[in-house]
Amino acid sequence: MIETLSAYPQVRALEPQPSSRRNGKVARLPKETRDMLNRMLDDGIPYHVIIDELGEAGEGLNTQNLTNWKQGGYQEWVKNQELIERTRAQTEHAIDLLRETDGTANAAKVVEACHMVGATQLMEALLDHGDDAVKKLLVDKPETYIRILNIVCRLADSGLRYDKHNCLMKESKANQAQSR
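Quick note: to get my numbering, add 8 to the position in the sequence shown (first position is 1).
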């Protein structure tokens, strides 16, 4: 039985990792303090209350520091929280699938779930970034665009190969039953 999602390295790996290191006063605070500050910003708590709540850790911070953080580091944190939540939801869906089949999910269901997750992620990326991002990717990083296309093609091919294998297995079983 699976205890928590954090037991999966894939979920733990989604802990917020800044793409470029920030160096402001808030960025230099310990992670636990930044997380607490981010949750308070998320709850809409006024800056002066946040500074008071941080106590010693908030010494030296002013409202301008929090304004700067809210426009940068906090926005990254929000995006990471959304990514973590989407990944959790997808992982929970896969866990539910395994539970529905008593842990003996057949290959068809696993392949179907993988295709659904992959298609969902691609659609989310397109919706989030639009056609212009795809065009820009094609121009700026054609190798990445080609890699994505190859992955989509491999997913489709694996589904076709599975379907073909499944049909051959059914035919083989039917032939065995007839020869008895």
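All C-beta atoms, glycine included, are put in the ideal place defined by N, C-alpha and C.
Could you tell me how far apart the beta carbons of residue i and residue j are, in whole angstroms, since I believe they sit closer than 8 Å?
| i | j | result |
| --- | --- | --- |
| Trp77 | Val34 | 4 Å |
| His56 | Thr75 | No, His56 and Thr75 are not in contact; Cβ-Cβ is about 12 Å, not under 8 Å. |
| Ile53 | Leu69 | Contact flag wrong, Cβ pair sits at about 14 Å. |
| Glu61 | Met48 | 6 Å |
| Leu145 | Tyr153 | 5 Å |
| Gly32 | Asn73 | 7 Å |
Could you tell me whether the Cβ atoms of residue i and residue j are closer together than 9 Å?
| i | j | result |
| --- | --- | --- |
| Gly80 | Thr41 | no |
| Arg94 | Glu151 | no |
| Ile92 | Leu130 | no |
| Gln89 | Thr128 | no |
Would you kindly report the start and end of the unbroken alpha helix (DSSP H) that includes residue i?
| i | result |
| --- | --- |
| Thr4 | For the chain, the structure presents residues 9 to 188; residue 4 sits outside this window and is missing. |
| Ile59 | Tyr55 to Leu62 |
| Arg30 | Counting along the chain, Arg30 falls outside any alpha helix (DSSP H), and DSSP gives it neither H nor E. |
| Leu37 | It is not in any alpha helix (DSSP H) - Leu37 carries neither H nor E in the DSSP assignment. |
Verify the contact flag: residue i, CB atom, against every heavy atom of the ligand ZN, threshold strictly below 8 Å.
| i | result |
| --- | --- |
| Gln184 | Ligands in the displayed structure: none, and consequently the ligand ZN is not present. |
> Are there three or more Cβ pairs, one per stretch, closer than 8 Å when the segment 121 to 129 is compared with the segment 72 to 91?
Replying inline: no
> What alpha helix (DSSP H) runs, 4 residues minimum, are completely inside the segment 142 to 181?
Replying inline: none
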